[in-house]
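2 protein chains.
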Amino acid sequence: MATMDKKNVSMNDVAIAAGVSLKTVSRVINEPDRVRGSTRDKVHSAMEALGFRANFAARSLKLGRYGCIGVVMFHLSGGAVDMIDGIADAAEERGFALTMIKKRAGEKMTLAEAARRMSQLPVDGMIFNLRQMVDDFDTFEAPKDLKTVIITPMEHPTCSTVSDDQEGGARMACEYFLDHGHKNVYFVSGKKESLSSQCRMKGWRAALEARGIEPPEPLQGDWNADSGYAAGLVLADKPDCTAVLAANDCMANGVMMALRDKGLSVPDDVSVIGFDDELYKTIPNSILTSVKFRHRELGVRALNEVVAGLEAPSSRSRTLVSGVLVERSSVKDLRA
Amino acid sequence: MATMDKKNVSMNDVAIAAGVSLKTVSRVINEPDRVRGSTRDKVHSAMEALGFRANFAARSLKLGRYGCIGVVMFHLSGGAVDMIDGIADAAEERGFALTMIKKRAGEKMTLAEAARRMSQLPVDGMIFNLRQMVDDFDTFEAPKDLKTVIITPMEHPTCSTVSDDQEGGARMACEYFLDHGHKNVYFVSGKKESLSSQCRMKGWRAALEARGIEPPEPLQGDWNADSGYAAGLVLADKPDCTAVLAANDCMANGVMMALRDKGLSVPDDVSVIGFDDELYKTIPNSILTSVKFRHRELGVRALNEVVAGLEAPSSRSRTLVSGVLVERSSVKDLRA
DNA sequence: TTGCGAAATGACAACGTTGTCATTTCGTTA
DNA sequence: TAACGAAATGACAACGTTGTCATTTCGCAA
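For the protein sequence lines, the chains are A and B, in the order given.
Here the first sequence stands for residues 37 to 372, where the numbers follow this note's numbering.
Here the second sequence stands for residues 37 to 372, where the numbers follow this note's numbering.
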């Protein structure tokens with residue numbers, strides 16, 4: 037209404053305008069049932085007229101909590117979107133907002149450094165999204181008053197962790213090959229430093245060894261299709277190669293294209309499985325069977341773990357979110 | 037050291053431990069040059085010993101600002117990652133953290149509702165990432181004390197906006213076709229409600245009409261490869277179709293696959309351009325020419341605009357970030 | 001009308017910082 | 001050594017809320 041706005045409208049201003057005490061205004065906001073209807077209305081109109089909005093800082097100072105969860109992205113990749121989505125939705129549902137910081141390109145951020153920065157910000161707990169190894173992983177101790185959950189496939193001595201079951205997913209894919217009569221499985225890896233790639237490789241190895249099969253030398257890729265194509269050209273020349281597990285869908289597609297260019301057919305000559313189940317977005321009528329992880333669920337679990345730990349910060353748990361094998365037709369059944 | 041930790045260590049505790057006044061501790065943190073070296077050391081050791089960390093709420097309350105920028109994601113898609121990355125890096129560089137909230141699936145969030153929620157949070161300014169139309173877009177007025185920047189291709193009456201130049205990108209691609217001797221350009225759109233798709237279509241139309249060409253009926257897609265494939269099957273039967281502009285790379289790939297399956301070659305029979313330049317990640321030796329937008333830059337600009345507006349919240353600007361045509365070999369030169 | 005318990009409201013302190021201004025201490029010069 | 005200005009430090013209020021406890025007002029029964 038009036039154009040002359042005080043910089044900030046405080047509860048006191050509202051109280052004066054409504055002709056009540058400051059504390060009554062506070063009650064209208066926090067325990068409206070304890071205020072008479074007529075008083076409540078007066079206060080509400082005053083708030084409306086003055087454009088009052090509660091001051092976050094003062095409120096948090098008094099309450100000793102913020103209602104915010106910190107998120108540290110050590111790594112921000114495509115799959116991260118679904119995870120953030122899950123974190124944000126779960127946070128919203130439980131009445132929390134998110135405060136986010138990010139490792140900058142080139143910067144070498146340790147867990148301790150991340151914790152230090154976060155503890156300067158308005159957060160009650162925090163989530164680290166960690167996809168690569170950091171120097172102080174094993175020695176890191178979270179601040180005692182800040183529940184910390186790490187999203188990582190590695191186990192941590194003191195902090196709760198949440199992870200996709202990448203190893204289990206790879207094992208599942210591998211066993212799927214073997215159960216369909218394949219005698220061996222080749223593997224195309226992602227970037228060396230990626231924990232996802234390492235875990236997927238580990239699961240692949242484990243599955244083969246569990247059946248007494250000597251794992252062949254894995255082929256080094258870099259997540260992109262071209263590296264998969266290069267691997268495919270090599271694999272096409274191996275007569276014993278009937279099954280290829282690629283650490284993601286893009287490389288799996290590269291492998292398939294190379295095989296095709298070498299005159300081999302998928303799945304008639306070689307079977308292929310990928311990871312992440314995203315090829316169908318880019319390739320029409322995609323036939324690629326793929327291991328899909330529920331990134332959204334991962335985010336939800338991480339947030340819930342933080343919130344659950346708000347009262348018992350020293351508790352510690354380990355959560356694994358299993359993957360799903362999305363079956364299409366890129367694997368041939370060699371039995372019978 | 038000692039296991040008995042008080043819940044929170046305050047400046048006062050540090051002051052007592054160091055044998056100085058509370059204000060001196062404050063000075064050690066905020067204006068260390070005004071404190072004698074020996075005193076500074078005493079205080080630092082005391083802080084270290086007690087594990088002191090400044091209280092965000094008290095500090096913000098006194099200072100009247102938070103050092104945080106709010107980000108509202110009305111939409112969280114793949115391209116959003118790079119944008120968030122840009123926002124986060126720019127924020128970090130300028131000493132701000134990010135506070136994020138998200139529209140939940142199914143929820144119908146208006147700008148007013150987003151602003152209301154944000155103004156309860158610790159933010160000095162905010163960024164809305166808006167990729168679809170909302171009901172109150174034209175009537176929305178940002179809180180006077182909270183600089184608001186909207187990332188959207190639409191112009192807003194009172195708020196600053198930042199956007200990719202989607203229309204310009206589409207025009208650029210179209211003109212590229214025409215400059216290479218093509219007489220007409222077909223268009224495959226994304227989802228109807230997407231502003232990106234609408235803008236790209238608008239640019240395509242404008243470019244054709246500017247040269248006196250009647251735009252053919254656009255084909256409706258849904259961003260995924262299968263819809264592009266369907267469009268490609270239709271286009272393969274049109275004898276006058278030598279050039280296809282698809283609203284993203286996935287659909288462009290679908291179109292190319294359909295053309296191939298119909299016995300046509302790209303680019304010999306039909307030329308194709310896509311958007312977002314991401315096909316090379318999935319397809320080995322990709323030949324697709326594509327319009328790439330600099331999402332990261334978009335985020336950086338948006339954040340800078342907010343920070344710049346912190347002192348003059350009523351200022352208003354419109355920023356367009358141009359796209360880039362990444363040339364490969366999917367367009368044939370028909371001249372000569 | 002009076003008296004009573006319950007409901008509604010208010011006064012005041014406290015949360016942990018920083019700004020203002022007064023006071024003490026220091027290093028120099030006379 | 002005394003006196004001085006500058007540097008260092010401290011006392012106290014203030015930021016805008018909420019918790020505690022005291023006070024006022026209400027509705028109802030006697």
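Virtual Cβ for every residue (Gly too), placed ideally from N, Cα, C.
Tell me where the alpha helix (DSSP H) around residue i begins and ends.
| i | result |
| --- | --- |
| A/Met190 | A/Met190 -> no alpha helix (DSSP H), and no H or E assigned at all. |
| B/Lys78 | Gly73 to Leu86 |
| B/Lys180 | No alpha helix (DSSP H) holds B/Lys180; DSSP gives it neither H nor E. |
| B/Tyr102 | Here B/Tyr102 belongs to no alpha helix (DSSP H), and DSSP marks it neither H nor E. |
| B/Val360 | Run containing B/Val360: none in the alpha helix (DSSP H); it sits in the beta strand (DSSP E), Val360 to Val362. |
| A/Val60 | It should be noted that the sequence gives Thr, not Val, for residue 60 of chain A. It spans Leu58 to Asn66 - the alpha helix (DSSP H) in which A/Thr60 sits, taken as one unbroken run. |
| B/Ala127 | Ala116 to Glu129 |
| B/Arg332 | His331 to Ala344 |
| A/Gly9 | Residue 9 of chain A is absent from the model: chain A starts at 37 and stops at 372. |
| B/Ile319 | It is not in any alpha helix (DSSP H) - B/Ile319 carries neither H nor E in the DSSP assignment. |
| A/Lys138 | Unbroken run through A/Lys138 is the beta strand (DSSP E), Ala133 to Lys138; no alpha helix (DSSP H). |
| B/Leu147 | Leu147 to Met154 |
| B/Gly226 | First-last for B/Gly226: undefined, no H or E at that position. |
Tell me which residues share the same chain as residue i and place their Cβ nearer than 7 Å to its Cβ, disregarding the 5 neighbours each side in the sequence.
| i | result |
| --- | --- |
| B/Thr39 | Interpretation of B/Thr39 is limited by its pLDDT of 32, a score under 50 that renders its predicted location unreliable; no figure is taken from the coordinates. |
| A/Asp304 | Lys368 |
| A/Leu244 | Cys210, Val221 and Pro251 |
| A/Ser62 | Met47 |
| A/Cys277 | Tyr222, Leu271 and Val306 |
Would residue i and residue j be called neighbours here (beta carbons separated by less than 8 Å)?
| i | j | result |
| --- | --- | --- |
| B/Ser225 | B/Gly345 | no |
| A/Gln156 | B/Arg236 | no |
| B/Ser322 | B/Asp312 | no |
| A/Asn260 | A/Ala126 | no |
| B/Asn382 | A/Thr318 | Here chain B covers residues 37 to 372 and nothing more, so residue 382 of chain B does not appear. |
| B/Ile123 | B/Gly359 | no |
| A/Leu214 | A/Arg247 | yes |
| A/Gly264 | A/Val302 | no |
| A/Asp201 | A/Val362 | no |
| B/Leu166 | B/Ile187 | yes |
| B/His218 | B/Ser307 | yes |
| A/Thr146 | A/Asp174 | no |
| B/Leu255 | B/Ala272 | no |
| A/Met109 | A/Lys78 | no |
| A/Gly103 | A/Ala133 | yes |
| B/Val342 | B/Ile105 | yes |
| A/Arg371 | A/Thr355 | no |
| B/Ala93 | A/Ala82 | no |
| B/Arg72 | B/Thr194 | no |
| B/Lys238 | B/Glu191 | no |
Below 8 Å CB to CB, which residues in the same chain sit around residue i once its five sequence neighbours on both sides are set aside?
| i | result |
| --- | --- |
| B/Ala151 | Met162, Phe176, Ala178, Pro179, Leu182 and Thr184 |
| B/Met287 | Val224, Gly226, Gly257, Trp259, Asn260, Ala261, Ser263, Gly264, Ala267 and Gly310 |
| A/Arg364 | Ser322, Ile323, Leu324, Thr325 and Ser326 |
| B/Lys42 | Only weak support exists for where B/Lys42 lies, its pLDDT of 49 falling under 50; the coordinates are left without a value. |
| A/Met37 | Low confidence applies here, because A/Met37 scores a pLDDT of 35, under 50, leaving its location unreliable; read the following figure in that light. These residues qualify, in order along the chain: Ala85. |
| A/Gln168 | Phe110, His111, Glu229, Ser230 and Leu231 |
Beta strand (DSSP E) containing residue i: first to last residue?
| i | result |
| --- | --- |
| B/Met162 | Gly161 to Asn165 |
| A/Arg354 | Arg354 to Val357 |
| A/Val270 | It is not in any beta strand (DSSP E) - A/Val270 instead sits in the alpha helix (DSSP H) that spans Ala261 to Ala272. |
| A/Leu281 | Ala279 to Ala282 |
| A/Val327 | Thr325 to Lys328 |
What residues in its chain sit with their C-beta under 6 Å from that of residue i, if we drop five residues either side in the sequence?
| i | result |
| --- | --- |
| B/Ala348 | none |
| B/Asp297 | none |
| B/Val107 | Leu134, Met136 and Ile163 |
Q. Going along the region 277-294 of chain A in order, which residues come within less than 8 Å of chain B, judged by CB to CB distance?
A. Asp285, Cys286, Asn289, Gly290, Met293 and Ala294
Q. Which of the residues in the region 59-82 of chain A, read from start to end, lie with their CB under 9 Å from any CB of chain B?
A. none
(Q) Below 8 Å, how does it come out for the region 268-281 of chain A and the region 207-226 of chain A: are there three or more Cβ pairs, yes or no? (A) With the rule of 3 Cβ pairs closer than 8 Å, the region 268-281 of chain A counts as touching the region 207-226 of chain A.
Q. Is the region 226-237 of chain A close to the region 48-59 of chain B, with three or more CB pairs under 8 Å?
A. Result no; under three Cβ-Cβ pairs closer than 8 Å.
Q: Check whether the region 325-340 of chain A touches the region 113-125 of chain A, counting contact only when three or more Cβ pairs, one atom from each stretch, lie closer than 8 Å.
A: yes
Q.
Please list, in chain order, the residues of the region 208-227 of chain B that have any C-beta partner in chain A closer than 8 Å.
A. none
Q: With 9 Å as the limit, tell me which residues of the region 82-97 of chain B have their beta carbon closer than that to any beta carbon of chain A; keep them in chain order.
A: Contact annotation: in the region 82-97 of chain B, residues whose CB is within less than 9 Å of a CB in chain A are Gly87, Arg89, Ala90, Asn91, Phe92, Ala93, Ala94, Arg95, Ser96 and Leu97.
Q. Which residues, in chain order, does the region 313-333 of chain A contribute to contact with chain B at a C-beta distance below 8 Å?
A. Leu315, Tyr316, Lys317, Thr318, Ile319, Pro320, Asn321 and Ser322
Q. With contact counted as at least three CB pairs below 8 Å, one residue from each stretch, are the region 90-109 of chain A and the region 72-89 of chain B in contact?
A. no
**Q.** Chain-ordered residues of the region 109-128 of chain A with a beta carbon less than 8 Å from chain B
**A.** Met109, Leu112, Ser113, Gly114, Ala116, Val117, Ile120, Asp121, Ala124, Asp125 and Glu128
Q. Name the residues in the region 143-171 of chain B whose C-beta lies less than 7 Å from a C-beta of chain A; which are they?
A. Under the 7 Å Cβ criterion, the region 143-171 of chain B contributes Ser155, Gln156, Leu157 and Pro158.
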